Structures are given as structure tokens and as C-alpha cells.
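Chemist: Per my numbering, residue 162 is the first one in the sequence shown, and the count goes up by one each step.
Each residue gets a CB set at the ideal place from its N, CA and C atoms; glycine is no exception.
Please read all numbers here as calculations on a predicted model, not as lab measurements.
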Amino acid sequence: MRIRVDLTPPEGVAKIDLNYSYYLASLIYRAISSVDKTLSLELHSPYGPKLFTFSKLFAENYKIDGEWMVIKGSAHFFFSSPKNEMCEKFVEGVLANPEVSVGDAQFLVTGVEVLREKKIGEKEKFVTLSPITVTTVEHQGYSRRSVDLYPSDARFYEILRRNLVKKYVALHGREPEDAELRIKPISVKPKRLRIKNTFHRCSEMVFVAEGSKELLDVGYKAGFGSKNSMGFGMVKVV
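1. Leu168 and Lys217 look like a contact to me (Cβ under 8 Å); what is the Cβ gap, rounded to whole Å?
2. Tell me which same chain residues have a C-beta within less than 8 Å of the C-beta of Ile225, skipping the five on either side of it?
3. Can you list, in chain order, the residues of its chain with a C-beta nearer than 8 Å to that of Tyr223? Leave out the 5 residues immediately preceding and following it.
4. Work out the CA separation of Gly264 and Lys250 for me, nearest whole Å.
5. Whose C-alpha, out of Leu377, Ser390, Tyr303, is nearest the C-alpha of Asn279?
6. Figure out for me which residue from Val174, Pro337, Met162, Thr297 has the closest Cα to the Cα of Glu221.
7. Would Lys284 and Glu365 qualify as a contact pair, given that the criterion is a beta-carbon distance under 8 Å?
8. As an exercise, report each continuous alpha helix (DSSP H) stretch of at least 4 residues that is fully enclosed by the region 269-347, in chain order.
9. Tell me whether Leu256 is buried or exposed, calling it buried when 16 or more other Cβ atoms sit within 10 Å of its Cβ.
10. Since Ala340 contacts Ser373 with CB under 8 Å, what's their CB separation in whole angstroms?
11. Could you check how far apart the C-beta atoms of Leu204 and Tyr190 are, in whole angstroms? I think they sit under 8 Å.
12. Could you have a look at Asp378 and say whether DSSP puts it in helix, strand or coil?
13. Looking only at its chain, what residues have a beta carbon closer than 8 Å to the beta carbon of Val273, apart from the 5 residues adjacent to it on each side?
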């Protein structure tokens with residue numbers, strides 16, 4: 162299920178940290194927790210993929226002021242999950258408590274719309290609604306460190322594919338019948354975003370993906386790459 166959420170600042174203007182993904186994730190977790198404590202506890206478990214993703218904020222009238230985004234008028238974001246119950250609980254939560262915050266900025270939820278999902282085929286062209294991050298672990302002597310990869314690194318694609326297989330197994334309880342995946346980037350814009358006190362390298366992309374319909378559908382609904390529940394990897398079909 163795919164949802165659009167419209168936000169309007171009560172005073173007409175809102176000022177938020179440019180690295181707002183963590184605050185938007187907190188809004189989502191609070192909404193779900195307010196109506197389903199059990200689901201909220203499951204989502205806070207450190208094990209397994211969360212199986213939801215969300216986009217960056219979109220606003221027609223905004224400006225960048227140093228480290229801040231100043232929004233005049235309304236803004237919106239998208240939420241997606243292959244688990245309809247999770248989407249329903251999120252919608253229930255934001256409608257029951259429409260006064261929300263993104264960091265220190267206050268908003269009213271002024272619209273919630275369930276969007277039509279695209280039927281995914283064996284070859285699709287996607288554009289990111291939030292950047293994709295792909296991470297690996299590198300060993301240096303006795304130490305290990307996490308490294309974020311860009312699409313220029315060949316490891317990016319195999320790690321992304323394996324991540325989709327992991328999500329598919331978490332969702333369906335079995336391996337996909339077809340686990341082949343080929344991705345061809347058309348355009349890539351490197352980004353660097355902060356979540357709490359950690360910066361992550363990531364990429365806004367337009368890309369063509371071809372192969373397993375099962376994996377492409379999971380990527381479309383739950384997000385490509387890692388850290389989807391922190392606002393990475395949401396896509397739309399173009």
C-alpha cells in the first residue's frame with residue numbers, strides 16, 4: 162500500500178533541519194505506536210527488515226537557509242509498505258492525532274490519500290523519492306568498519322540484490338523463485354545525509370531494473386537498499 166500525507170504548518174511557515182529524515186521517521190513510529198503498541202515493539206526490534214519506507218518532504222514553496230529548510234504553505238511525503246496492516250495502523254494514527262511535529266516544527270495533517278500501486282513487471286524504470294544507501298563491512302586488520310557505497314562501485318548492485326532477497330524472505334517466509342536482478346543507472350546524484358549524529362553516503366537515482374518480478378515488487382513497496390525505515394530507498398515508476 163502506498164500513501165500520501167499532506168502537512169500544513171498552523172502558522173503558515175515551518176523551519177526544519179535539512180537532515181530531517183530521523184524526525185519524519187519518529188513521526189511515523191509515534192503514529193503507529195499510538196494505535197498498536199505490539200506492532201510498535203516489533204518495529205523497534207533490532208532484527209530483520211522493517212518492511213516500510215518513506216520519501217523525502219516535497220513542498221512547492223520553500224527556501225534553504227543555511228542548515229534549515231523553510232517551508233511556506235503545505236508539504237507532503239509518501240509512505241509505502243507491502244504489509245497493508247502497517248499502512249492502515251499508520252493512517253489510523255495520523256488521523257487520530259493530526260497535530261504532529263517534524264523535529265521542532267509543528268504541522269497539521271491536512272490530507273491522507275491511498276494511492277494506486279503500479280503492477281510491477283520484469284523490467285521497470287524507477288526514480289528515487291528518497292536516496293538509496295547501500296552498506297558493506299570492510300575489514301582492516303582486526304577491526305571492521307561500515308562503508309557506504311555509491312553505484313560506481315560494482316559491489317553496490319550485488320549487495321542491493323541480496324538485501325531485496327532478505328526482505329522477500331522476511332515478507333513471504335521463503336526464497337523467491339527468481340533471484341536474478343540487473344540494474345542500469347541512468348543518472349546518479351551523490352548525497353550525504355545525517356541521521357542523528359552519523360552521516361550516510363547515498364544516491365538519488367534514475368535507473369532501469371530488470372529480472373525477478375518478485376524482487377522488483379519488494380523494492381517498489383518496501384524500498385531499495387538499506388535503512389528504508391529511516392527514509393532511504395523509496396522509488397516510483399516512471
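Modeler: Put simply:
1. Along the sequence shown, read from residue 1 onward, the residue named residue 168 stands at position 7. Along the sequence shown, read from residue 1 onward, the residue named residue 217 stands at position 56. No, Leu168 and Lys217 are not in contact; Cβ-Cβ is about 13 Å, not under 8 Å.
2. Reading the sequence shown from its first residue, position 64 is the one you call residue 225. The residues are Leu179, Val231.
3. Here residue 223 is taken as the residue at index 62 of the sequence shown, counted from 1. So the list reads Met230, Val231, Ile232, Lys233, Ala236, once near-sequence residues are dropped.
4. Stepping through the sequence shown from its first residue, residue 250 is reached at position 89. Stepping through the sequence shown from its first residue, residue 264 is reached at position 103. Their Cα atoms are separated by approximately 22 Å.
5. In the sequence shown, the residue the question calls residue 279 occupies position 118. Strictly speaking, residue 279 in this sequence is Lys, with Asn absent from that position. The candidate whose alpha carbon is nearest that of Lys279 is Leu377.
6. Position 60 of the sequence shown, counting from 1, holds the residue named residue 221. Residue Val174 is the option with its Cα nearest to Glu221.
7. Stepping through the sequence shown from its first residue, residue 284 is reached at position 123. Stepping through the sequence shown from its first residue, residue 365 is reached at position 204. Cβ atoms of Lys284 and Glu365: not closer than 8 Å.
8. 316-333
9. Here residue 256 corresponds to residue number 95 of the sequence shown, with the count starting at 1. Exposed: under 16 other Cβ atoms inside 10 Å.
10. Translated into positions along the sequence shown, residue 340 becomes position 179. Translated into positions along the sequence shown, residue 373 becomes position 212. Confirmed, about 6 Å.
11. Within the sequence shown, residue 204 is the residue found at index 43, counting from 1. Within the sequence shown, residue 190 is the residue found at index 29, counting from 1. Confirmed, Cβ separation roughly 7 Å.
12. Position 217 of the sequence shown holds residue 378. If DSSP states are grouped into helix, strand and coil, Asp378 belongs with the helices.
13. Counted from its first residue, the sequence shown places residue 273 at position 112. Here the set comprises Ile164, Arg165, Val166, Asp167, Val252, Val255, Leu256.
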